[in-house]
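Written below as structure tokens is the structure these notes are about.
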Amino acid sequence: MANLKYFLWLTTRRGFQPGEPNALLDYFGTPEAVYFAESGEYDLLNLPVNKKRALMDKSLAGAEKILEDCDRLGIHIMTIQDADYPERLGQIYDPPCVLYWKGKALAVDDHLTVGLVGTRKCTPYGEEVAGKLGLELARNGITLVSGMAEGIDTAGLRGALQGQGTVISVLGGGIDVIYPKKNRWLYEDVKASGTLISEYPPGTSADGFHFPIRNRILSGLSLGVVVAEAGEPSGALISARLALEQNREVFACPGPVGAPASLGCNRLIQRGEAKLVLNAVDIMEEFKALFPNRGEPLPPMGEEAARQRLEVDPSPARKETKKAPKEEKTVDKVPQRAYISLSDAPEAFTDDERDILLAIEKRALTADDISEAAQIPARRVLSALTMLQLRGQVEEKPGKRFYAAVVLRP
Numbered sequence: 136m137a138n139l140k141y142f143l144w145l146t147t148r149r150g151f152q153p154g155e156p157n158a159l160l161d162y163f164g165t166p167e168a169v170y171f172a173e174s175g176e177y178d179l180l181n182l183p184v185n186k187k188r189a190l191m192d193k194s195l196a197g198a199e200k201i202l203e204d205c206d207r208l209g210i211h212i213m214t215i216q217d218a219d220y221p222e223r224l225g226q227i228y229d230p231p232c233v234l235y236w237k238g239k240a241l242a243v244d245d246h247l248t249v250g251l252v253g254t255r256k257c258t259p260y261g262e263e264v265a266g267k268l269g270l271e272l273a274r275n276g277i278t279l280v281s282g283m284a285e286g287i288d289t290a291g292l293r294g295a296l297q298g299q300g301t302v303i304s305v306l307g308g309g310i311d312v313i314y315p316k317k318n319r320w321l322y323e324d325v326k327a328s329g330t331l332i333s334e335y336p337p338g339t340s341a342d343g344f345h346f347p348i349r350n351r352i353l354s355g356l357s358l359g360v361v362v363a364e365a366g367e368p369s370g371a372l373i374s375a376r377l378a379l380e381q382n383r384e385v386f387a388c389p390g391p392v393g394a395p396a397s398l399g400c401n402r403l404i405q406r407g408e409a410k411l412v413l414n415a416v417d418i419m420e421e422f423k424a425l426f427p428n429r430g431e432p433l434p435p436m437g438e439e440a441a442r443q444r445l446e447v448d449p450s451p452a453r454k455e456t457k458k459a460p461k462e463e464k465t466v467d468k469v470p471q472r473a474y475i476s477l478s479d480a481p482e483a484f485t486d487d488e489r490d491i492l493l494a495i496e497k498r499a500l501t502a503d504d505i506s507e508a509a510q511i512p513a514r515r516v517l518s519a520l521t522m523l524q525l526r527g528q529v530e531e532k533p534g535k536r537f538y539a540a541v542v543l544r545p
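In this text, residue positions in the sequence shown follow the working numbering: the first is 136, and each later residue adds one.
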């Protein structure tokens, strides 16, 4: 859009907090009008001296650099006046004026989206709770919204990705800034399966004070926010408070009495500010009226099945250093394998599972080779292989190669 550089100029004025430029847009109508306004017009708004001084700086060099950086990095820009700006987010008190994003197009208004938050220093209990919630929400077609911090954020996103769900990660720095650095694998997977989003331009460091400000976007994109594990005080409780102010549903997972890491969750439940939830079904019950045609939710996964799925190593699969054994001619004994008709059982396999079975129908492949052949991220390949092995539909051959134990037919 022609006025994009003026949006970028406006949202990078020093002294303005994220969301504050909206008042100028309400008064002047467009970012161009804000830009071309004269000193006397700014006086009518009774702005502090530092903010008026920032608006009198008419240089567009910073905005043009942001445009160049976004073009170079493949980062998209969305403004609050664009037709595809999420209506749900635009209804909060201080919506971001500009959003930077990468991955899949941001579509939330017609979808059930649930935010998942919690402490960075989570316990094994919290990690298990968050991972299973993310997995179950994904299996029911719910979009998970979270950050990308260590702890609960990572566990929840990992669970949702292993459930082959759609995810949105709201960042506290520029889209090109991976924080924490150890989560590079998660960053790449979210970009491939969902959306990375931020109100900060490329190159912005993930400073600590950005995260409480960012939390309003996380809750604003969601219909409800669940706190998986949080002590007192906790940034997750800020997200819960913002969700309440935005008239969102708030949920909390109970923890052991006396456990410091669960005190925040238990207090939310005690005060009646959050609904106690044990699984994804409890969350979905609250949105039946909004989505009457979704059908009944899938039952919670059994403990063993969830554990098997969540224990897949999230680190990138390493390339085999040894040459794969020469393929044996006797491997494919079709009469010994069951035939499964996709037309008779269209929902028997996920898209990833189907593509993987087709890739290894005639020859055994390593996980890396499957990822390349099926064009599926490595961690999703490992997740799908785990489920196929549990059902006896894939066999592991020597050399960590996998082979289809069933044959798919149209």
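C-beta atoms are modelled at their ideal positions from N, C-alpha and C, and glycine is treated no differently.
Contact under 8 Å by Cβ, residue i with residue j
i, j, result
"T258", "E167", "no"
"A273", "A295", "yes"
"P156", "L145", "yes"
"I547", "L306", "With the chain running from 136 to 545 in the structure shown, residue 547 is simply not present."
"G309", "G343", "no"
"I546", "G329", "The displayed coordinates of the chain run from 136 to 545. Any statement about residue 546 would go beyond what the structure contains."
"S340", "V312", "yes"
"A513", "D504", "no"
"P221", "L379", "no"
"Y322", "M283", "yes"
"G225", "K186", "no"
"R223", "V249", "no"
"V184", "C388", "no"
Supposed contact pair residue j and residue i - C-beta distance, whole angstroms, cut 8 Å
i, j, result
"A483", "I491", "Not really, about 13 Å apart at Cβ, beyond 8 Å."
"A473", "V541", "5 Å"
"K140", "L195", "6 Å"
"T254", "A396", "6 Å"
"V169", "V252", "Incorrect: roughly 34 Å between the Cβ atoms, too far for contact."
"Y260", "G370", "Not a contact, Cβ separation roughly 19 Å."
"N414", "E271", "6 Å"
Per DSSP, the bridge partner or partners of residue i
i, result
"K237", "L331"
"S281", "S304"
"M213", "L234"
"T248", "T278"
"V541", "A473"
"A387", "V362, L411"
"R536", "T501, K532"
"G253", "E364"
Chain-order list of residues whose beta-carbon lies under 6 Å from that of residue i (same chain, five-residue window excluded)
i, result
"F142", "P166, T214, V233"
"F163", "V169"
"D229", "G154"
"I201", "L143, P336"
"S506", "A513, V516"
"G269", "L279, G291, G294, A295"
"A198", "K140, L143, W144"
Residue i: CB within 7 Å of a non-hydrogen atom of the ligand MN
i, result
"E367", "Summarising the ligand content, the structure contains no ligands, and the ligand MN is consequently not present."
Contacts around residue i, its chain only, beta-carbon distance under 8 Å, and the 5 residues preceding and following it disregarded
i, result
"L372", "V362, A365, G399, L403"
"A519", "Q299, T485, D487, E488, I491, I511"
"L247", "G276, I277, T278, L358, M419, F422, L425, F426, R429"
"D192", "R148"
"R526", "none"
Close beta carbons around residue i, own chain, < 7 Å, minus the five adjacent residues each side
i, result
"L377", "N350, R351, S354"
"L500", "A494, A508, R536, F537"
"R177", "Rather than Arg, the amino acid found at residue 177 in this sequence is Tyr. These residues qualify, in order along the chain: K187, L190."
"A394", "none"
"S174", "M191"
Open item on the list: Count Cβ pairs between the stretch 312 to 332 and the stretch 382 to 389 that sit closer than 8 Å; are there 3 or more?
Closed with: no
- [ ] Please confirm if the stretch 287 to 305 is in contact with the stretch 406 to 414, defined as three or more CB-CB distances below 8 Å between the two stretches.
- [x] no
- [ ] Could you tell me whether the stretch 202 to 219 touches the stretch 233 to 242, using the rule of 3 or more Cβ pairs below 8 Å?
- [x] yes
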